[in-house]
Ligand code: SAH
Ligand code: SF4
Ligand code: F3S
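In this note's numbering, the protein residues as written are 23 to 469.
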């Protein structure tokens with residue numbers, strides 16, 4: 023039983039953040055360009071790309087068990103798939119994967135996946151290959167033009183991280199911060215719109231660290247880029263994620279009051295409400311500074327929906343320090359949030375810090391934090407009931423005639439009516455649940 027000589031079908035499975043999903047889409051486009059077709063739903067693919075994430079524990083274990091499952095299913099079908107491990111686990115543990123999992127023929131890091139076609143050719147000849155180079159900006163130039171996307175598309179504008187929060191693997195798996203050039207981004211945004219996007223989410227590990235030079239040769243920052251993208255006539259909505267408090271500028275705050283297409287939503291992670299913990303995390307901001315920033319954003323855009331990331335049980339975190347996180351949450355009233363138990367990552371400074379917190383303590387704190395966050399999310403949704411807003415139709419719902427879309431505040435809204443995917447319609451928000459709202463279709467805003 024051998025690998026298929028040269029794969030005819032592929033499947034890309036993405037496990038990580040939005041940038042990981044974006045990378046997965048780009049890899050799929052690259053494979054399609056090579057004449058490899060997406061495997062039909064429910065069928066085994068000749069080539070499987072596991073696009074992995076390394077941010078929290080058990081990432082590597084999950085990859086090995088996925089590989090085992092693929093090999094077993096392949097054997098049962100009489101033909102093992104060609105397996106590529108991509109993404110951040112590939113970057114961090116490439117050599118080990120190759121040594122431990124002989125059924126993997128390719129390991130490719132997040133900055134090297136444009137070289138997949140060449141690696142597939144070598145794998146077809148039975149050669150295994152690892153590529154975890156980080157060539158500066160070579161990847162995007164080598165990727166095919168984007169042809170077909172959904173109404174809401176991702177666009178990576180910045181990659182990598184120089185912040186080195188003491189718990190985090192991203193600076194090691196994604197490398198140093200780089201900004202993609204302005205003209206490349208405008209071109210990609212134009213092709214996304216031509217390919218069907220009405221909303222673009224600008225992506226970066228620290229999206230607001232983006233800097234560049236516009237067509238007139240002027241140095242511009244993230245706000246300049248957002249304003250330039252907003253000028254694309256057919257584009258209706260702009261979002262961005264993830265931003266870092268340290269790179270917030272006056273211009274970035276001001277743009278929320280100036281750019282109509284910019285949606286009223288801000289994901290600005292804080293991680294903890296305790297200044298001691300924030301310092302130990304190397305976050306370069308304190309709790310009060312963070313709250314002040316939010317006030318400034320809210321002053322220019324009072325209906326801004328706020329979202330954040332939290333880590334509970336960072337080494338040394340006391341009950342009193344955790345209570346400061348709860349107090350910060352109470353003060354902010356987030357519309358949405360992501361919260362995690364601290365997970366020691368190999369090679370990061372926090373992994374060897376004293377005072378690692380016991381699992382049951384972390385679980386208890388996470389449950390309490392999530393109870394607060396869920397309460398606020400429901401309250402936010404309830405407060406929007408009765409409002410009329412524009413909803414971007416993203417997909418069909420489960421029932422006939424039912425649709426799912428997003429409000430300006432990134433809420434999922436269900437409604438019934440005669441619409442098509444990609445429409446922006448006016449909807450009255452009628453009933454709120456913790457994770458979605460039911461709406462009543464009023465009229466189509468765009469024809
Ligand atoms: N660049 C972004 C997000 C990076 S990862 C930022 O700085 O905001 C997304 C989230 O995962 C982080 O915000 C953090 O809350 C969480 N995270 C990162 N490393 C973690 C770890 N070792 N344990 C638990 N959560 C972690
Ligand atoms: Fe990780 Fe911190 Fe960089 Fe975010 S800013 S990617 S949490 S090191
Ligand atoms: Fe995961 Fe890498 Fe994204 S570790 S969160 S896939 S940057």
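Glycine residues also receive a C-beta, built at the ideal position from the N, C-alpha and C atoms. Keep in mind it's a predicted model, so treat the numbers as computed, not measured.
Going by beta carbons, residue 223 and residue 265 fall outside the 9 Å limit.
Shown here, residue 138 sits in a helix according to DSSP, grouped into three states. Judged by DSSP secondary structure, residue 394 falls within the alpha helix (DSSP H) whose first and last residues are 381 to 405.
Residue 46 carries a helical assignment under DSSP once its states are collapsed to helix, strand and coil. A Cβ-Cβ distance of about 19 Å is found for the pair residue 29 and residue 120, leaving them out of contact under the 8 Å criterion. Within the DSSP secondary-structure output, residue 35 pairs in a beta bridge with 72. Excluding the 5 residues flanking it on each side, residue 415 has same chain C-beta neighbours closer than 6 Å at 425, 427, 441, 443 and 445, in chain order. Taking 8 Å as the cut-off, the C-beta of residue 228 does not count as close to any heavy atom of ligand 3. Selection 60, 75 and 77 evaluated against residue 69 yields 60 as nearest (Cα-Cα). Residue 188 sits in coil when the DSSP states are folded into three classes, being neither helix nor strand. With fewer than 16 other Cβ atoms inside 10 Å of its own Cβ, residue 421 counts as exposed. When C-beta atoms of the stretch 106 to 113 are compared with those of the stretch 130 to 148, three or more pairs fall below 8 Å, so the two segments count as touching.
For residue 287, the pairing in a beta bridge is given by DSSP as 327. DSSP lists no beta-bridge partner residue for residue 61.
Excluding sequence positions up to five before and after residue 162, its CB lies within less than 7 Å of the CB of 202 and 206, all in the same chain and listed in chain order. If you check the CB distance, residue 410 and residue 451 come in under 9 Å. The distance from the Cβ of residue 277 to that of residue 245 is about 4 Å, consistent with a contact at the 8 Å cut-off.
For residue 202, the distance from the CB to the nearest heavy atom of ligand 3 is not below 8 Å. Under the DSSP definition of a beta bridge, residue 332 partners with 293 and 361.
Within the DSSP bridge table, the entry for residue 221 names 174 and 259 as partners. Where residue 349 is concerned, the enclosing alpha helix (DSSP H) starts and stops at 341 to 354. Residue 84 sits in a helix when the DSSP states are folded into three classes. Rounded to whole angstroms, the Cβ separation of residue 454 and residue 392 is 18 Å, and the two are not in contact under 8 Å. Annotation for residue 372 indicates a beta carbon within 8 Å of some heavy atom of ligand 1. Considering only 212, 258, 48 and 303, the residue with the shortest C-alpha distance to residue 447 is 258. Relative to ligand 2, the beta carbon of residue 360 is positioned no closer than 8 Å to any heavy atom. Beta-carbon to beta-carbon, residue 274 and residue 307 are separated by about 15 Å, too far to satisfy the 8 Å threshold. In this chain, the alpha helix (DSSP H) harbouring residue 112 covers 109 to 122. DSSP, read as helix, strand or coil, puts residue 236 in coil.
Distance from the Cα of residue 356 is smallest, within the candidate group 143, 394, 78 and 247, for 394.
Taking non-hydrogen atoms of ligand 3 into account, the C-beta of residue 156 is found less than 8 Å away from none of them. The Cβ neighbour count for residue 296, taken over all protein chains shown within 10 Å, is at least 16; the residue is labelled buried.
Per the DSSP secondary-structure output, residue 153 pairs in a beta bridge with 130. For a cut-off of 8 Å, the C-beta gap from residue 463 to residue 449 is around 6 Å, short enough to register as a contact.
For residue 410, the beta-bridge partners assigned by DSSP are 450.
In summary, residue 228 is buried, with 16 or more beta-carbon neighbours lying within 10 Å of its beta-carbon over all protein chains present.
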